[in-house]
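Below is one structure; the comments refer to it alone.
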Amino acid sequence: MLRQSILQPSRVRLFSQSVTASPPQPLSSTQPPYFVRRNSRGSLPVYTDIRNGRTRYLIQIRNVEGQVQALANELRASLFQADSLEAAKLRIRVHDQRHVLLSGGRWKADVMSWLAAKGF
1110 MLRQSILQPS RVRLFSQSVT ASPPQPLSST QPPYFVRRNS RGSLPVYTDI RNGRTRYLIQ
1170 IRNVEGQVQA LANELRASLF QADSLEAAKL RIRVHDQRHV LLSGGRWKAD VMSWLAAKGF
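Numbering (my numbering), first residue to last: 1110 to 1229.
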């Protein structure tokens, strides 16, 4: 009786049967037009570059697929509140069509938590 409940006839697949792949699902309106792929260790690809004698901090988001400019615009709009000091200092630019550079402060933790909240 127990064995019959585990092996249901509708779930048993013979090896002579082929597996058909389901067609790709179209993007819904809730998914962003960009994707940030994690690195080989499973971490978010957010890196810090310190220049000019530790006076200039750059945050780099690498391996962005899709519309990189949409990610930059969304970061600019929602990373910090519009009237805050951080939003006034934030500078964002797209580099090499796959990377986003942020300058103006030490915001690596903020960017990583923002990306994690978005589901990346």
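All C-beta atoms in this analysis are idealised placements derived from N, C-alpha and C, irrespective of residue type, glycine included.
Check: So what does DSSP say about Asp-1158, is it helix, strand or coil?; Outcome: strand
Check: Of the residues Thr-1157, Gly-1228 and Leu-1153, which one's Cα is nearest the Cα of Leu-1210?; Outcome: Thr-1157
Check: Around the Cβ of Ala-1181, are there at least 16 other Cβ atoms within 10 angstroms (buried) or fewer (exposed)?; Outcome: buried
Check: May I have the straight-line CA-CA distance separating Arg-1207 from Phe-1189, to the nearest angstrom?; Outcome: 23 Å
Check: Straight-line CA distance for Asn-1269 to Pro-1154?; Outcome: Past the edges of the chain, shown from 1110 to 1229, lies residue 1269, and the structure says nothing about it.
Check: Could you tell me the distance, in whole angstroms, from the CA atom of Asp-1219 to the CA atom of Ile-1168?; Outcome: 11 Å
Check: Run through the DSSP bridge pairs and tell me what Gly-1213 is partnered with.; Outcome: In DSSP, Gly-1213 forms no bridge with anything.
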